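2 protein chains.
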Amino acid sequence: MEESTSGPMPASHDDGPRGAGPGAAEPVTAEFDVTPHDEVDRIVAAWLQERPDLDLEPLTVFSRISRLARHLDLARRRAFARRDLETWEFDVLSALRRAGEPYRLSPGALVQQTLVTSGTMTNRIDRLTGRGFVERHRSPDDRRGVQVELTPAGLKQVDAAMADLLAVEAQVLGALDKDHRPLLAGLLRTLSTQFEK
Amino acid sequence: MEESTSGPMPASHDDGPRGAGPGAAEPVTAEFDVTPHDEVDRIVAAWLQERPDLDLEPLTVFSRISRLARHLDLARRRAFARRDLETWEFDVLSALRRAGEPYRLSPGALVQQTLVTSGTMTNRIDRLTGRGFVERHRSPDDRRGVQVELTPAGLKQVDAAMADLLAVEAQVLGALDKDHRPLLAGLLRTLSTQFEK
DNA sequence: CCGAAGTGTCTTGATATCAAGAGTCTTGAC
DNA sequence: GTCAAGACTCTTGATATCAAGACACTTCGG
């Protein structure tokens, strides 16, 4: 699931957020452009060369989102690795953590929140149980049911990991002007509501 | 479980819910009559309840990026499925396509661009060869090497799939005001250069 | 009550992926 | 010229995931 490139491509298809207003008759300087280019600029430039008839605007947004998600995934993996925690482990533990006391959810609820199948969740709960981060309890009122509960060790782990995660992400976010952050969040929300309703 | 717009949180990072906001009467655009909430708003609200001491601003951006990427992946999968094409197949074919004539790359180059391992790429090339979308050719000047080349059938497939993909993505992007799109793309680029530098 | 349908969890079999290493071939130092 | 080191591709073994179905229990209609 990726659209990445490190290929050698002339890159100067760009309309960065800098400078003055839109529509400015700006000469594109290929050598020393102040706007930094990224891989997506190169991918779009390559497509433009091959298919000048296409409207590639969607790529400038969605390819970046996909690639950023991939990089984020790697960054998270690195951050969690220092605590010997895998990303999927954090996903499960954090769902339990933010559920609040007594930090209990059914496997079904965890499936919904983490977007994996029930078989995968069974496997994950098994391994988290083995590490002592969660425990299975029989549901009191439904004997089919199970409640997965965070142990004190799991609570400690997930709180520490969350702090690490926020620290790493805050550093990346630091590249953005403080005023621009809520703006970006708002634009992304507009897109996400497209999918969630 | 609604988001606390009235709570003591730092303005919830909305871009002005137009009227209902805390005095912020910024007439940006009249497109938000009611501020739509998404899953990330709920996740952030849950965390805020549990850990009011944390600065959760990074989540408002990065959790949305991750979740959007997931949704995009599913949308792409659906779009490609109509042509009996898998996402990973498109990733390989599109790398060859935008390389330009004669649509040839080495397996190593494809590995770099798609961020998978060489073993995975071998497997993918095998299957794409089986479907008649690519062919293996011996490299003329390096007898270790192989060149993977798009067949006419592969070219046709990838061009059709690209058109479908852009159509689907354009529809989602339609939720965004036309002026906001380059703005969003620019903000995302600022973040992605953080990772790619 | 009883049986059918529904719900929640776990098991099974198949698949794609990765990490590590093997097999070729090329390059460069001497 | 020769040998060691490197480069490129493919193979192997282990693993996590998914789809589909099995199993246990609950709920609901008659």
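Residue numbers (numbering that gives the first Met the number 0), protein chains in the order written: chain X, 0 to 196; chain S, 0 to 196. Glycine included, each C-beta is placed from N, C-alpha and C at the ideal position. All values reported here derive from a predicted model rather than from experimental measurement.
query: Would you mind working out which of S/G99, S/R81 and S/R82 sits nearest X/P51, comparing C-alpha positions?; result: S/G99
query: Just to confirm, is the Cβ distance from S/H179 to X/L58 under 7 Å?; result: no
query: Measure the alpha-carbon distance for S/L175 versus S/D83 and round it to whole angstroms.; result: 30 Å
query: Alpha carbon to alpha carbon, what distance is there between X/K177 and X/L183?; result: 10 Å
query: Rounded to whole angstroms, how far is the Cβ of S/L165 from the Cβ of X/L53, which I believe are closer than 8 Å?; result: 6 Å
query: When the distance is taken between beta carbons, is S/A159 closer than 7 Å to S/F89?; result: no
query: Spell out whether any CB of chain S is found under 7 Å from the CB atom of X/S191.; result: yes
query: Quick check: is the beta carbon of S/L95 nearer than 7 Å to any beta carbon in chain X?; result: no
query: Please list, in chain order, the chain X residues whose beta carbon lies closer than 9 Å to that of S/Q48.; result: R97 and G99
query: At what residue ranges does the segment 97-121 of chain S contain a whole run of the alpha helix (DSSP H), taking only runs of 4 or more?; result: 106-113
query: Should X/G153 be labelled buried (16 or more other beta-carbon atoms within 10 Å of its own) or exposed?; result: buried
query: Could you please give the first and the last residue of the uninterrupted alpha helix (DSSP H) stretch that includes S/H70?; result: E56 to A80
query: Per DSSP, which residues does S/V147 bridge with? Please list them.; result: S/L104 and S/R135
query: Work out the CA separation of S/R63 and S/V39 for me, nearest whole Å.; result: 6 Å
query: Just checking X/A98 against the ligand COA - is the residue's beta carbon closer than 6 Å to any of the ligand's heavy atoms?; result: Summarising the ligand content, the structure contains no ligands, and the ligand COA is consequently not present.
query: Since X/A94 and X/L109 should fall inside the 8 Å C-beta cutoff, what is the C-beta to C-beta distance between them, to a whole number of angstroms?; result: 6 Å
query: What do you reckon, are the CB atoms on X/R97 and S/A44 nearer than 7 Å?; result: no
query: Between X/L104 and X/V157, how many whole angstroms is the CB-CB distance? I'm expecting something under 8 Å.; result: So it is not a contact: roughly 13 Å between Cβ atoms.
query: If you count every other CB in all the chains shown that lies within 10 Å of the CB of X/D37, and 16 or more means buried, which is it?; result: buried
query: For S/A169, go through chain X and note every residue whose CB falls closer than 8 Å to its CB, in chain order.; result: D54, E56 and P57
query: Considering only residues of the same chain and omitting the five flanking positions on each side of S/V167, which have a CB-CB separation below 6 Å?; result: A74 and A78
query: For S/T119, which option in S/W87, S/G144 and S/V60 has the closest C-alpha, if you only look at C-alpha atoms?; result: S/W87
query: Please state whether DSSP places X/R188 in a helix, a strand or coil.; result: helix
query: Just tell me which of X/N122, X/P139 and X/T113 has its CA closest to the CA of S/S65.; result: X/T113
query: Please tell me whether X/H70 has its Cβ less than 7 Å away from any Cβ of chain S.; result: yes
query: Secondary structure at X/L175, three-state DSSP: helix, strand or coil?; result: coil
query: At the 7 Å Cβ level, is X/V147 part of the contact set with chain S, yes or no?; result: no
query: Comparing alpha-carbon positions, which option in X/E134, X/E85 and X/R41 lies nearest X/V145?; result: X/E134
query: Along chain X, in chain order, which residues have C-beta atoms closer than 8 Å to that of S/L109?; result: Chain X residues near S/L109: none, gap ~10 Å exceeds 8 Å.
query: Spell out whether any CB of chain X is found under 7 Å from the CB atom of S/A65.; result: The sequence as given places Ser at residue 65 of chain S; Ala does not occur at that position. Taking Cβ atoms only, chain X reaches closer than 7 Å to S/S65, which makes this a yes.
query: Compare the C-beta of S/R188 against all C-beta atoms of chain X and say whether one is closer than 7 Å.; result: yes
query: Please list the terminal residues of the continuous alpha helix (DSSP H) segment that includes X/R50.; result: Taken as a continuous stretch (DSSP letters only), X/R50 belongs to no alpha helix (DSSP H), as it is neither H nor E.
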